Amino acid sequence: MFGNENQQFARLWSYAKEILDIMPGSTIITKLHEQKFELIYVCHAPLKKGFLAGCRRFICVDGCFLKGAFKGQILAVVGLDGDKNIYPIAWAVVEVENTHSWTWC
Numbered sequence: 323m324f325g326n327e328n329q330q331f332a333r334l335w336s337y338a339k340e341i342l343d344i345m346p347g348s349t350i351i352t353k354l355h356e357q358k359f360e361l362i363y364v365c366h367a368p369l370k371k372g373f374l375a376g377c378r379r380f381i382c383v384d385g386c387f388l389k390g391a392f393k394g395q396i397l398a399v400v401g402l403d404g405d406k407n408i409y410p411i412a413w414a415v416v417e418v419e420n421t422h423s424w425t426w427c
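Whatever position you read off the sequence shown (first residue = 1), add 322 for this note's numbering.
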């Protein structure tokens with residue numbers, strides 16, 4: 323992110339709407355609890371279609387910690403294509419990786 327982190331964070335909902343407008347069939351889930359961010363999950367329609375059309379039915383999830391004003395974790399979901407290359411499927415940003423945060427599946 324560039325500039326003010328609070329302003330950039332506030333743009334998540336505009337980003338979500340734009341993705342849904344330009345890529346129908348995409349899945350975006352956002353959750354707030356008492357006006358506090360809990361998670362955003364993003365699966366772009368072309369990635370979803372590509373996974374279903376040509377990837378092995380095997381997925382992996384990995385995460386890393388976010389630094390800066392907004393703590394949390396980014397989780398990436400990937401699969402393997404026909405050539406055994408890593409194929410991105412979806413990503414999510416969650417407060418912490420726990421049972422509750424896995425409900426975006």
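Every residue, glycine too, gets a C-beta built ideally from N, C-alpha and C. Since this is a predicted model, take the numbers as computed values, not measurements.
Kindly indicate the opening and closing residues of the beta strand (DSSP E) around residue i.
| i | result |
| --- | --- |
| A433 | Outside the modelled stretch of the chain, which goes from 323 to 427, sits residue 433, for which no answer is possible. |
| V364 | 358-365 |
Starting from residue i and walking both ways along the alpha helix (DSSP H), at which residues does that stretch end?
| i | result |
| --- | --- |
| K406 | Premise fails: K406 is in no alpha helix (DSSP H) and is neither H nor E. |
| E340 | 334-344 |
Looking only at C-alpha atoms, which of the options sits nearest to residue i?
| i | options | result |
| --- | --- | --- |
| P368 | G347, E340, N328, A391 | G347 |
| G376 | N407, G385, Q357 | N407 |
| W335 | E356, Y363, R379 | Y363 |
| D384 | L342, K393, T349, V415 | V415 |
| Q330 | F392, D403, K371, L402 | F392 |
| K371 | C382, G390, G401, L361 | G401 |
| Q357 | A332, H366, F387, G404 | A332 |
| F359 | V399, L374, D403, Q395 | Q395 |
| V418 | E340, I350, F387, C382 | F387 |
| I381 | K389, I411, I344, T349 | I411 |
| D343 | D405, H366, K389 | H366 |
Spatial neighbours of residue i within its chain, please: CB distance less than 8 Å, with the 5 preceding and 5 following residues excluded, ordered by chain position.
| i | result |
| --- | --- |
| N328 | A391 |
| L354 | E360 |
| F373 | G401, Y409, I411 |
| I341 | S348, I350, V364, H366 |
Who are the near neighbours of residue i in its chain, counting only those whose CB is closer than 6 Å to its CB and skipping five residues on each side?
| i | result |
| --- | --- |
| A398 | D384, W413 |
Kindly list the residues whose CB is nearer than 7 Å to the CB of residue i, restricted to its own chain and excluding five residues on each side of it in sequence; keep chain order.
| i | result |
| --- | --- |
| R378 | G401, L402 |
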